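Chains as they are written, first to last, in the working numbering: chain U, 153 to 542; chain S, 18 to 362. Beta carbons are placed, not taken as given, at the ideal position from N, Cα and C, and that holds for glycine. Fair warning: this is a prediction, and the values are worked out from it, not measured in the lab. Let me begin by presenting the structure, written as structure tokens, before commenting on it.
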Amino acid sequence: MVTTESEQMAYIAAQAADARVNVEVETDEGMTLNLGPQHPATHGTLRIIAKLDGEKVIAAEPIMGYMHRGYEKLTEVRTYPQVTTLVNRIDWLGSFANEVPFILAAEQLMDVEAPPRAQWIRTVLFELSRIANISLFLGDMAVQVGATTPVFYAFRDREFVLNQIERVTGGRFHPNFDRIGGLKDDLPKGWIEETGTVIGKMRDFCDEMEELVLGNEIFQARTRGIGVIPPEVALSYGLSGANLRASGVDWDIRRDANVGLVYDEVDWKVWTHPDGDSFSRFWVRLQETREACNIIEQLLGGIPAGPIMAKVPRIIKVPAGEAYVATENPLGEMGFYVVSQGDLTPFRVKIRSASFSNMSITPWLLKGVFVPDIISILASLYFILGDIDR
Amino acid sequence: MTSVLALDPAWWQETFLIKVPIGLLAVLLPAGTIVYLYLFKAISFMQSRLGPMEAGPYGSLQLLAEVGKWLQKEDIFPTKADKFVFAAAPFVVLMSTFLLVVIIPAGPDAMFVNLDAGIYFAMAVSSVSVIGILMAGWASANKYSLLGGIRAAGQLIAYELPLILAVVGVVIQAGTMNMQGIVLAQAEGEILGWGGIGNPFILTQFIGFFIFMVAVQAELTQAPFDMPVAESELVTGYLTEYSGIRFLLFFIGEFASAGVFSAIAAVLFFGGWYIPGIDPANDIFNVIGPLILAGKMMAIAFLIFWFRFTFPRFREDQLQRLAWKFLIPLSLANIALTGVLKVVV
């Protein structure tokens with residue numbers, strides 16, 4: 153046993169050195185290329201260790217955890233209303249969508265249901281954050297295969313959506329707007345009409361992206377038949393969201409396992425693509441952005457009148473019990489498993505985030521591709537670092 | 018060139034007081050113009066933003082600010098770098114650009130040297146930059162640089178061939194490899210007996226022009242052929258370890274050679290310094306010729322940067338396939354067709 157402080161330090165240093173050597177070991181065949189954690193393509197601190205033979209990948213291993221912030225542990229020392237501030241920062245591009253599953257789980261435990269108006273507005277904001285999130289993917293994917301211009305259009309047009317979210321919630325990125333039993337505020341005056349015009353702009357943006365990126369021959373040459381995930385492999389690795397639907401699996405939590413949001417009230421469609429390659433993942437996300445526009449437009453026409461908060465106690469104590477609620481977030485299935493022991497704070501929260509599971513397929517998927525394809529496949533899987541490392 | 022100025026200087030005066038400053042000007046001025054007009058402004062307008070606006074009117078002095086910034090930065094050598102090769106690489110790349118400039122005619126007498134095999138010389142020295150890039154990639158002792166350097170070497174060698182073959186069509190039609198002769202052949206040519214606008218070779222050699230521009234795009238490693246520097250994959254490829262003045266030299270080399278290749282394209286396909294309506298033997302071309310050439314050059318350079326900002330990047334194997342299976346057969350067919358038509362018509 154190590155006792156003194158210097159011995160402890162030496163032990164830690166030796167462990168760290170060991171870990172580094174294990175990771176950096178060079179194989180006899182080929183070269184080890186260390187992509188990240190500081191690399192322009194990983195937009196965050198993801199690290200991919202690729203063993204190369206020329207430009208061909210023999211083996212690739214993602215190393216996650218450089219941005220681990222310990223949110224699951226932090227939730228145990230936050231009261232329930234405070235947790236939403238934390239979970240906002242998981243998928244930072246579609247923040248409002250993170251709050252919803254946690255709030256729904258807490259509501260389930262407390263046996264509270266939000267009034268219909270709150271549910272409708274929640275769904276509208278949920279879909280708006282989906283558009284804000286995926287519109288950036290559409291531009292970013294183009295950047296990762298080498299076209300610099302589309303991402304600027306994505307940033308420009310995403311701003312319209314963020315403005316609408318900001319007008320309701322007061323925050324562009326981290327709204328912290330969802331409450332147990334409803335919402336913080338009602339919609340501001342004139343918001344519904346303005347959102348209608350914004351939806352029109354986002355439809356134009358989707359058309360623009362379809363022409364500029366999807367229709368481009370070089371983009372198709374770079375993505376068609378690259379990174380193919382067969383449906384059974386996708387299911388066995390626990391993929392979710394557009395990655396799963398692009399492999400031809402017709403599964404959408406919004407339609408098949410909906411909790412607490414009003415998707416049953418609107419007429420919409422789940423898009424799938426049979427190919428399972430990078431191209432189809434882009435295509436499915438593009439169609440989903442359009443579908444989100446349709447959903448929002450239908451919802452805006454029929455938001456019911458009424459209160460936005462149910463009756464909840466001023467100090468929220470959640471009865472003992474367990475609940476798991478998952479929603480179809482922009483990145484895929486996001487679930488919160490909340491265990492309560494009747495305190496002000498959760499006893500344990502397990503966050504099932506989509507990107508973490510989506511990334512787990514990379515060692516299988518990157519075997520045998522070329523270095524440029526690492527980037528395009530990673531981009532098409534679409535991860536947010538905050539969603540990988542909670 | 019000195020005959021233009023009606024002087025009779027000694028050789029060292031001619032070299033150091035006239036040719037070197039004018040040569041520097043001929044390389045740096047187009048490079049700066051291209052960077053400001055296209056890299057800063059045109060790309061910004063395409064991407065719905067303004068670009069630099071603060072330094073000087075409409076940001077026109079931004080380039081000076083950038084140069085000042087690069088000059089101040091530390092010239093970092095990686096620990097394991099091959100110091101001499103690492104230091105020399107940018108100069109090799111830049112040298113190739115300067116060697117290209119000397120054979121471009123900007124007027125009947127306004128050119129540095131009038132080589133009989135001018136275009137042959139141009140094609141030869143343009144390959145020198147490959148060596149510089151390979152040196153940079155290897156000497157950096159960085160895996161990204163190495164991948165970038167190897168990619169660049171493979172790409173530049175593959176696209177050297179269509180570049181040369183595209184030029185062969187022009188050479189056949191002009192009947193000379195002399196750059197001045199190619200300009201005059203276009204100026205004095207006739208289209209089916211009508212000599213109103215001369216005979217710019219773009220009209221007959223449009224396939225050659227297409228191949229030439231694609232190959233130039235690849236030679237300059239501009240998107241969609243920018244795998245050697247591919248920012249999203251290789252950080253910046255062979256440039257990864259460069260900073261300060263050496264990065265600046267690479268940067269100047271990239272944009273200066275964009276200008277030089279555009280000028281060569283202007284000479285080969287658009288009549289160089291000639292515009293219709295003035296007798297090509299007229300001395301006024303020594304004055305307005307450089308301006309006319311610069312105008313044509315900037316128009317062609319815009320094409321290069323337009324494509325650069327629009328297209329995604331090919332993959333390395335797709336790039337090689339495009340060169341060997343499409344461009345080279347097409348250029349050979351173009352040569353055969355040109356030869357047959359030259360004999361028949």
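Exercise. Given residue 182 (chain S), which residues of its chain have a CB within under 6 Å of its CB, disregarding the five upstream and five downstream residues?
Worked result: 348
Exercise. Residue 63 (chain S) touches chain U at which residues, Cβ-Cβ below 7 Å?
Worked result: 301
Exercise. Roughly how many angstroms separate the alpha carbons of residue 367 (chain U) and residue 198 (chain S), rounded to a whole number?
Worked result: 44 Å
For this session: Select from S:330, S:343, S:87, S:72 the residue whose C-alpha is nearest the C-alpha of residue 298 (chain U).
Result: S:330
Exercise. For residue 173 (chain U), which residues from the same chain have a beta carbon less than 7 Å from its beta carbon, with the 5 sequence-adjacent residues on both sides left out?
Worked result: Because the pLDDT of residue 173 (chain U) is 49, which lies under 50, any placement of that residue in the model is unreliable, and the number read from its coordinates should be weighed accordingly. Cβ neighbours of residue 173 (chain U) beyond the five flanking positions: none.
Exercise. Within 7 Å (strictly less), CB to CB, does residue 524 (chain U) reach chain S?
Worked result: yes
Problem set entry | In chain order, each alpha helix (DSSP H) run of at least 4 residues that lies wholly inside the stretch 141 to 189 of chain S | 145 to 156
For this session: Evaluate contact between the stretch 251 to 263 of chain S and the stretch 163 to 173 of chain S, counting only Cβ atoms and requiring at least three cross-stretch pairs below 8 Å.
Result: yes
Problem set entry | Close Cβ partners of residue 407 (chain U) (< 7 Å) along its chain, the five nearest in sequence each way excluded | 415, 422
Problem set entry | Neighbouring residues, chain U, relative to residue 333 (chain S) (Cβ below 8 Å) | 207, 522, 524
For this session: Using three-state DSSP, classify residue 502 (chain U) as helix, strand or coil.
Result: strand
For this session: Taking C-beta pairs closer than 8 Å, name the residues in chain U that residue 240 (chain S) reaches, listed in chain order.
Result: 298, 299, 300
Problem set entry | Neighbour list for residue 368 (chain U) in chain C, Cβ cutoff strictly below 9 Å | Considering every chain present, this structure includes no chain C. Its protein chains are U and S.
For this session: Answer with buried or exposed for residue 321 (chain S), where buried requires no fewer than 16 other C-beta atoms within 10 angstroms of its C-beta.
Result: buried
For this session: Apply the 10 Å Cβ neighbour rule to residue 402 (chain U) and answer buried if 16 or more other Cβ atoms are within range, or exposed otherwise.
Result: exposed
Exercise. For residue 43 (chain S) versus residue 118 (chain S), is the C-beta spacing smaller than 7 Å?
Worked result: yes
Problem set entry | Residue nearest to residue 524 (chain U) in terms of C-alpha spacing, selected from U:365, U:240, U:162, U:206 | U:206
Exercise. Between which two residues does the alpha helix (DSSP H) harbouring residue 232 (chain U) extend?
Worked result: 232 to 239
Exercise. Is the Cβ-Cβ distance between residue 462 (chain U) and residue 334 (chain U) less than 7 Å?
Worked result: yes
For this session: Along the beta strand (DSSP E) that carries residue 479 (chain U), what are the first and last residues, could you check?
Result: 473 to 481
Exercise. At what residues does the beta strand (DSSP E) containing residue 489 (chain U) begin and finish?
Worked result: 484 to 492
Problem set entry | Reduced DSSP category for residue 470 (chain U) - H, G, I as helix; E, B as strand; rest coil | coil
Exercise. Between the stretch 369 to 386 of chain U and the stretch 305 to 322 of chain U, are three or more C-beta pairs nearer than 8 Å?
Worked result: no
Exercise. Are three or more beta carbon pairs between the stretch 66 to 76 of chain S and the stretch 230 to 247 of chain S nearer than 8 Å?
Worked result: no
Exercise. So who's on the other strand from residue 186 (chain U), going by DSSP bridges?
Worked result: U:201
Exercise. If you run the structure through DSSP and keep just helix, strand and coil, what is residue 216 (chain U)?
Worked result: coil
Problem set entry | Validate contact between the stretch 261 to 281 of chain S and the stretch 40 to 59 of chain S using beta carbons, cut 8 Å, 3 pairs | yes
Exercise. Are residue 161 (chain S) and residue 56 (chain S) close, meaning C-beta to C-beta below 7 Å?
Worked result: no
For this session: Determine, using beta-carbon pairs with one atom in the stretch 503 to 517 of chain U and one in the stretch 477 to 484 of chain U, whether at least three such pairs fall under 8 Å.
Result: yes
Exercise. With 16 as the cutoff for other CB atoms within 10 Å, does residue 397 (chain U) come out buried or exposed?
Worked result: buried
Problem set entry | For residue 337 (chain U) and residue 329 (chain U), the rounded distance between their alpha carbons | 8 Å
Exercise. Where does residue 541 (chain U) land, buried or exposed, given buried means 16+ other C-beta within 10 angstroms?
Worked result: buried
Exercise. What does residue 374 (chain U) reach in chain S if we use C-beta pairs closer than 8 Å?
Worked result: 329, 330, 331, 332, 335
Exercise. What first and last residue would you give for the alpha helix (DSSP H) that runs through residue 321 (chain S)?
Worked result: 302 to 327
For this session: Using a Cβ-Cβ cut-off of 7 Å, state whether residue 185 (chain U) counts as contacting chain S.
Result: yes
Exercise. How about residue 343 (chain S): is its Cβ closer than 6 Å to a heavy atom in the ligand MG?
Worked result: The ligand content of the structure shown is nil, which means the ligand MG is not present either.
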